[in-house]
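Peer 1: Have a look at the structure that comes next, please.
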Amino acid sequence: MARAFARAGQPFKLVLHQDGHTILRGNIVDGELWEHIMNKWLSHYLYDVDNGIENMPTVSVQSNVDGSFRTYDTWGDFDFDTFAYDKTVNPDDVSHVDTTAIGTYYYNYKQATDEFGNALVRDNYYLSLPDSACAVYEFDVPDNYTFYGVPEVHLKLSTKNVDRDSLVISALLIDTIDGETGFKAFLTKGRLNNRLPKHTLGEVETGGGLKRTKVIEYVKSNATAKLITFGHGDLANYGGGYDGKDYTKPEEPMKAGEYYDYTLYLQPTSYTFEHGHKAVLVITGWDPYLSFRDMDLRTGAVSDSTESRDIYAFNIDNSAFELRFPQEKGSSAAFEDEPSESKVMIPFRFASKDEGTDLMLSNKAYYAKFSPNKLGYVIQKNDATMEEYLDFAREQVLDWTDEEKDVITRGMKVIEDRFMNNGWTMPPLDTIIFIKTSMMEENGVSGYTHGTQIYLYDFMNHYSSEAFADGQIPDSFVMLLSHELFHCLTRCNPDFRAEMYSLIGFTVEEEDFEIPPSVWEYYIVNPDVEHHNSRATFKINGQEIDCFAAFVTTKHFEQPGEEFFQFGTTALVPVDGSDVFYPKDEVSNFDEVFGTNSGYVIDPEECMADNFKFAVLYGLDGPDGDGYPNPEIIEGIIDILSR
Numbered sequence: 014m015a016r017a018f019a020r021a022g023q024p025f026k027l028v029l030h031q032d033g034h035t036i037l038r039g040n041i042v043d044g045e046l047w048e049h050i051m052n053k054w055l056s057h058y059l060y061d062v063d064n065g066i067e068n069m070p071t072v073s074v075q076s077n078v079d080g081s082f083r084t085y086d087t088w089g090d091f092d093f094d095t096f097a098y099d100k101t102v103n104p105d106d107v108s109h110v111d112t113t114a115i116g117t118y119y120y121n122y123k124q125a126t127d128e129f130g131n132a133l134v135r136d137n138y139y140l141s142l143p144d145s146a147c148a149v150y151e152f153d154v155p156d157n158y159t160f161y162g163v164p165e166v167h168l169k170l171s172t173k174n175v176d177r178d179s180l181v182i183s184a185l186l187i188d189t190i191d192g193e194t195g196f197k198a199f200l201t202k203g204r205l206n207n208r209l210p211k212h213t214l215g216e217v218e219t220g221g222g223l224k225r226t227k228v229i230e231y232v233k234s235n236a237t238a239k240l241i242t243f244g245h246g247d248l249a250n251y252g253g254g255y256d257g258k259d260y261t262k263p264e265e266p267m268k269a270g271e272y273y274d275y276t277l278y279l280q281p282t283s284y285t286f287e288h289g290h291k292a293v294l295v296i297t298g299w300d301p302y303l304s305f306r307d308m309d310l311r312t313g314a315v316s317d318s319t320e321s322r323d324i325y326a327f328n329i330d331n332s333a334f335e336l337r338f339p340q341e342k343g344s345s346a347a348f349e350d351e352p353s354e355s356k357v358m359i360p361f362r363f364a365s366k367d368e369g370t371d372l373m374l375s376n377k378a379y380y381a382k383f384s385p386n387k388l389g390y391v392i393q394k395n396d397a398t399m400e401e402y403l404d405f406a407r408e409q410v411l412d413w414t415d416e417e418k419d420v421i422t423r424g425m426k427v428i429e430d431r432f433m434n435n436g437w438t439m440p441p442l443d444t445i446i447f448i449k450t451s452m453m454e455e456n457g458v459s460g461y462t463h464g465t466q467i468y469l470y471d472f473m474n475h476y477s478s479e480a481f482a483d484g485q486i487p488d489s490f491v492m493l494l495s496h497e498l499f500h501c502l503t504r505c506n507p508d509f510r511a512e513m514y515s516l517i518g519f520t521v522e523e524e525d526f527e528i529p530p531s532v533w534e535y536y537i538v539n540p541d542v543e544h545h546n547s548r549a550t551f552k553i554n555g556q557e558i559d560c561f562a563a564f565v566t567t568k569h570f571e572q573p574g575e576e577f578f579q580f581g582t583t584a585l586v587p588v589d590g591s592d593v594f595y596p597k598d599e600v601s602n603f604d605e606v607f608g609t610n611s612g613y614v615i616d617p618e619e620c621m622a623d624n625f626k627f628a629v630l631y632g633l634d635g636p637d638g639d640g641y642p643n644p645e646i647i648e649g650i651i652d653i654l655s656r
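The opening residue of the sequence shown carries number 14 in the numbering used here; numbering runs sequentially from there.
In structure tokens, the structure reads:
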């Protein structure tokens with residue numbers, strides 16, 4: 014339909030949502046109520062009201078992960094990613110599909126219920142089809158891999174049933190997960206056309222004397238499989254194209270047993286495969302939506318023991334099989350095992366309380382660096398032990414709320430959009446895992462990292478109730494995400510780290526420098542600083558001394574309520590092994606080295622993370638539009654990201 018409007022030169026906006034064949038009544042689409050969007054559309058195009066609706070993005074797609082809407086400016090030609098299917102699941106050179114058992118299987122499926130007496134949902138139907146009635150192809154895709162557009166299935170098929178017409182081929186793309194592990198999905202609660210369950214958020218006036226509109230959100234259900242998209246073809250009509258005008262009627266009759274080329278175009282969609290999920294493509298005959306094609310089933314001749322007579326079979330040449338995942342034109346990921354370096358995408362997911370606890374306690378190398386000084390401040394007593402700390406820390410991990418996940422997802426999209434709009438390259442990045450804690454295990458900071466684990470505080474209770482309303486994301490929150498993202502990027506990319514540090518005169522060495530006893534006594538290990546292996550030259554008491562930076566306090570913990578940041582300072586430690594350190598007020602070129610764009614200068618890692626967040630959010634203009642005291646640092650960051 015969208016292509017028809019485009020060919021006719023007519024304006025259109027395309028909105029793809031998670032529910033069935035229904036109206037988007039009461040939904041919030043990209044921050045605006047659907048009824049208000051329709052009111053604007055009709056007012057503009059029927060009554061010439063200038064309300065800006067023509068500036069609405071061409072395509073709005075509802076995320077299967079959190080229900081938010083992502084927008085795209087085009088809906089046209091696509092680039093494609095391909096993945097090799099798992100040969101251990103389908104090892105044969107040829108897959109044989111026989112529809113003999115489909116009628117009986119569907120008859121039993123219609124009669125069956127789950128353990129609670131509810132009708133079985135369509136999503137699991139295909140994964141339990143008789144082996145003889147389908148061919149199954151499994152694909153491992155990168156975590157948080159998103160495709161967008163019209164997936165294509167390219168096949169070479171042969172059949173002996175060449176004397177028949179209207180032989181349905183169905184391709185069903187399904188999201189599933191290993192084993193019996195369940196996941197949450199937007200799942201219609203019936204076999205075919207039932208709607209998604211909904212949650213009412215409130216009511217609003219929509220004018221015109223109409224009754225108040227209920228504002229709703231779709232509710233996820235427990236699932237072990239999720240039907241993503243599907244498409245159909247006719248075995249008797251090979252050579253069809255995406256548009257009817259592309260179809261060329263075969264000049265010669267089909268020959269029994271000879272292979273012909275087919276392309277099945279699946280329904281257009283956008284979908285994200287979350288961590289641990291895989292794509293499964295099922296090729297079969299007719300599916301529940303097309304059960305009316307079977308005359309015996311339609312007339313009641315099929316039962317739990319009587320097969321349909323309307324049967325056919327075909328072979329699939331697996332050497333020519335290909336599933337193509339669409340991407341926006343010019344942005345194909347060309348993935349193999351990891352995302353392409355040039356694709357702007359930040360893979361991330363959210364950990365539950367249990368997983369977050371396990372991940373936190375797995376960071377043993379970090380805990381081995383704890384000094385008695387840090388233990389005292391965190392546990393709020395002297396002579397605290399590591400066992401006490403670990404028991405305390407495990408109690409701080411929390412579960413995310415859906416609202417918090419939505420806010421983080423929107424914040425990460427702001428960062429992605431900054432990269433995309435500026436034409437920057439995101440360095441390769443392993444999947445980020447967001448973990449929520451009280452932050453008491455780090456003495457009340459707002460965020461910190463281990464590897465690509467980002468730990469955040471209960472931020473919803475630290476902003477006003479309006480801060481995240483109507484799609485808003487405060488700059489301070491985006492900067493927090495950008496700052497923590499930087500730490501993940503430097504760990505995944507040592508060369509990127511070295512380049513960033515060089516912008517403030519630090520050189521990264523192969524080995525870490527040892528922390529001398531005088532520093533260790535007051536040392537506060539920083540989870541964001543994995544290594545003390547970078548040095549810069551500082552002017553101290555008239556001498557130039559190469560030093561590394563460490564975070565220390567000016568006193569030990571004494572009484573409850575004291576926090577290490579209250580008494581924290583930067584210690585500059587000579588790299589020659591001297592048991593001495595220098596506070597910043599004894600260094601004449603401290604600001605010259607670190608710059609003054611940020612006051613968070615306890616380590617080059619933290620200093621550059623702050624400069625990075627400024628570059629991402631404000632570019633060269635700066636927070637107030639007046640630039641920076643040291644613009645050369647921001648310029649250097651932008652130059653590196655622009656390569």
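Just so it is clear, CB atoms sit at the ideal spot from N, CA and C, and this is done for glycine as well.
Is it the case that the Cβ atoms of F243 and L186 are separated by a distance below 8 Å?
Peer 2: Taking the first residue of the sequence shown as position 1, residue 243 is located at position 230. Taking the first residue of the sequence shown as position 1, residue 186 is located at position 173. Yes, they are a contact pair.
Peer 1: Would you kindly work out how many angstroms separate the C-alpha atoms of E527 and L630, rounded to a whole number?
Peer 2: Stepping through the sequence shown from its first residue, residue 527 is reached at position 514. Stepping through the sequence shown from its first residue, residue 630 is reached at position 617. Roughly 36 Å between the two C-alpha positions.
Peer 1: Kindly indicate which residue of I41, N546, R20 and Q23 has the alpha-carbon position closest to the one of L29.
Peer 2: Working through the sequence shown from its first residue, we reach residue 29 at position 16. It is I41 whose Cα lies nearest to the Cα of L29.
Peer 1: Only counting the same chain, and skipping five residues up and downstream in sequence, which positions put a Cβ closer than 7 Å to that of D419?
Peer 2: The residue labelled residue 419 in the question sits at position 406 within the sequence shown. Hits under 7 Å: D79 and S81.
Peer 1: Quick check on the burial criterion: 16 or more other C-beta atoms within 10 angstroms. Buried or exposed for R656?
Peer 2: Residue 656 sits at position 643 when you count from the first residue of the sequence shown. It counts as exposed.
Peer 1: Residues in the same chain with beta-carbon distance under 7 Å from W12, minus the five sequence neighbours each way, listed in chain order, please.
Peer 2: Coverage of the chain is limited to positions 14 through 656, which leaves residue 12 absent and any answer about it impossible.
Peer 1: Just to confirm, are T609 and P587 a CB contact at a threshold of 8 Å?
Peer 2: Counted from its first residue, the sequence shown places residue 609 at position 596. Counted from its first residue, the sequence shown places residue 587 at position 574. No, these two residues do not count as a Cβ contact at 8 Å.
Peer 1: To the nearest angstrom, how far is the alpha carbon of D63 from that of A15?
Peer 2: Sequence index remark: in the sequence shown, residue 63 carries index 50 (1-based). Sequence index remark: in the sequence shown, residue 15 carries index 2 (1-based). Each residue's alpha carbon lies about 24 Å from the other.
Peer 1: With a cut-off of 8 Å, do at least 3 Cβ pairs link the region 436 to 445 to the region 633 to 647?
Peer 2: These segments do not touch.
Peer 1: Candidates P529, G632, D300 and P617: which alpha carbon is nearest A592's?
Peer 2: As a first step, residue 592 must be located in the sequence shown, where it is residue number 579. As written in the sequence, residue 592 is Asp, which differs from the Ala given in the question. That would be P529, whose Cα lies nearest to the Cα of D592.
Peer 1: With the cut-off set at 8 Å, would you say I446 and A364 are in Cβ contact?
Peer 2: Within the sequence shown, numbered from 1, the residue matching residue 446 stands at position 433. Within the sequence shown, numbered from 1, the residue matching residue 364 stands at position 351. Result yes, Cβ atoms of I446 and A364 sit closer than 8 Å.
Peer 1: Report the partner residues of Y461 according to the DSSP bridge assignment.
Peer 2: As a first step, residue 461 must be located in the sequence shown, where it is residue number 448. DSSP, once it has assigned bridges, lists Y468 as partnering Y461.
Peer 1: First and last residue of the beta strand (DSSP E) that includes Q31?
Peer 2: Here residue 31 refers to the residue found at position 18 when the sequence shown is read from its first residue. From DSSP, Q31 is part of no beta strand (DSSP E); its letter is neither H nor E.
Peer 1: If you run the structure through DSSP and keep just helix, strand and coil, what is S451?
Peer 2: In the sequence shown, counting from the first residue as 1, residue 451 sits at position 438. Secondary structure at S451: coil, using DSSP grouped into helix, strand and coil.
Peer 1: Quick check on E354: buried or exposed, where buried means 16 or more other Cβ atoms within 10 Å of its Cβ?
Peer 2: Residue 354 sits at position 341 when you count from the first residue of the sequence shown. Because the pLDDT at E354 is just 38, under 50, the model does not fix this residue reliably, and the point stays unresolved.
Peer 1: According to the Cβ coordinates, are Y232 and H212 closer than 8 Å?
Peer 2: Here residue 232 corresponds to residue number 219 of the sequence shown, with the count starting at 1. Here residue 212 corresponds to residue number 199 of the sequence shown, with the count starting at 1. The question names Tyr, but residue 232 is Val in the sequence shown. Yes, Cβ-Cβ distance for V232 and H212 is below 8 Å.
Peer 1: Keeping to the same chain, check which residues put their C-beta closer than 7 Å to that of F607; ignore five residues upstream and five downstream.
Peer 2: As a first step, residue 607 is located in the sequence shown; it is residue number 594 there, counting from the start. For F607, where only same-chain residues beyond five positions count, the Cβ hits under 7 Å are I517, V614 and C620.
Peer 1: Closest to S321 by CA distance: which of Y150, G116 and D156 is it?
Peer 2: Here residue 321 refers to the residue found at position 308 when the sequence shown is read from its first residue. Taking only the C-alpha atoms, the option nearest S321 is G116.
Peer 1: Does the count of Cβ pairs from the region 379 to 396 and the region 566 to 574 closer than 8 Å reach three?
Peer 2: yes
Peer 1: Locate the alpha helix (DSSP H) running through T422, then write down its first and last residues.
Peer 2: Locating residue 422 in the sequence shown gives position 409, counting from the first residue. Where T422 is concerned, the enclosing alpha helix (DSSP H) stretches over D415 to N435.
Peer 1: On a Cα-Cα basis, can you pick out the residue from Y118, L214, E341 and S108 that is closest to T319?
Peer 2: Taking the first residue of the sequence shown as 1, we reach residue 319 at position 306. Of Y118, L214, E341 and S108, the residue nearest in Cα terms is Y118.
Peer 1: Could you compute how far the alpha carbon of Y514 sits from the alpha carbon of A562?
Peer 2: Looking up residue 514 in the sequence shown gives position 501. Looking up residue 562 in the sequence shown gives position 549. Roughly 12 Å between the two C-alpha positions.
Peer 1: Let me know the secondary structure DSSP gives R83 once reduced to three states.
Peer 2: The sequence position of residue 83 within the sequence shown is 70, counting from 1. Residue state, collapsed to three classes: strand.
Peer 1: With a threshold of 7 Å on Cβ separation, who are the neighbours of H106 within its own chain once the five nearest residues in sequence on each side are excluded?
Peer 2: For the purposes of this step, residue 106 is identified with residue 93 of the sequence shown, where counting begins at 1. The question names His, yet the displayed sequence has Asp at residue 106. Excluding five sequence positions before and after D106, the CB atoms of its chain that fall closer than 7 Å to its own CB belong to N331 and S332, given in chain order.
Peer 1: Taking 8 Å as the limit between beta carbons, can you name the residues of its chain near G374, skipping five residues before and five after?
Peer 2: To locate residue 374, count along the sequence shown from 1; it is residue 361. One detail in the question is off: residue 374 reads as Leu in this sequence, not Gly. Cβ neighbours of L374 beyond the five flanking positions: L403, A406 and R407.
Peer 1: Report the partner residues of F509 according to the DSSP bridge assignment.
Peer 2: Along the sequence shown, read from residue 1 onward, the residue named residue 509 stands at position 496. For F509, which the question treats as bridged, DSSP gives no partner whatsoever.
Peer 1: Measure the Cβ-Cβ separation of V501 and T465 and say whether it is below 8 Å.
Peer 2: What you label residue 501 is simply residue 488 of the sequence shown in a count that begins at 1. What you label residue 465 is simply residue 452 of the sequence shown in a count that begins at 1. According to the sequence provided, residue 501 is Cys. The question's Val does not apply to it. Yes, the Cβ-Cβ distance between C501 and T465 is below 8 Å.
Peer 1: I need the boundaries of the alpha helix (DSSP H) containing N624, first residue and last residue.
Peer 2: Against the sequence shown, residue 624 aligns to sequence position 611. Taken as a continuous stretch (DSSP letters only), the alpha helix (DSSP H) holding N624 covers P617 to Y631.
Peer 1: Do you know offhand how far A482's Cα is from E216's?
Peer 2: One-based indexing of the sequence shown puts residue 482 at position 469. One-based indexing of the sequence shown puts residue 216 at position 203. One C-alpha to the other measures close to 16 Å.
Peer 1: Around the C-beta of F499, are 16 or more other C-beta atoms found within 10 angstroms, so that it is buried, or is it exposed?
Peer 2: For this step, residue 499 is matched to residue 486 along the sequence shown. Buried is the call here.
Peer 1: When the Cα of Y595 is compared with those of G484, F577, K26 and T566, which residue comes out closest?
Peer 2: Taking the first residue of the sequence shown as 1, we reach residue 595 at position 582. Nearest C-alpha to Y595: T566.
Peer 1: Residues in its own chain within less than 8 Å of K173 by CB, not counting five upstream and five downstream?
Peer 2: Position 160 of the sequence shown holds residue 173. Counting only Cβ-Cβ distances below 8 Å, and skipping sequence neighbours, we find A269, G270 and A326.
Peer 1: Shortest alpha-carbon distance to N546 belongs to which of L168, V427 and D559?
Peer 2: By 1-based counting over the sequence shown, the position of residue 546 is 533. Closest by alpha carbon: D559.
Peer 1: Spell out the partners DSSP gives I558 in its beta bridges.
Peer 2: Within the sequence shown, the letter at position 545 stands for residue 558. Paired residues: F551.
Peer 1: Taking its Cβ as the centre, do 16 or more other Cβ atoms sit within 10 Å of H109, making it buried, or is it exposed?
Peer 2: Translated into positions along the sequence shown, residue 109 becomes position 96. Here H109 is exposed: its Cβ has fewer than 16 other Cβ atoms, across all protein chains shown, within 10 Å.
Peer 1: Can you find the residues in the same chain that come closer than 7 Å, C-beta to C-beta, to L27, ignoring five residues on each side of it along the sequence?
Peer 2: In the sequence shown, counting from the first residue as 1, residue 27 sits at position 14. Excluding residues within five positions, the ones whose Cβ falls inside 7 Å are A15, T71, V72 and W88.
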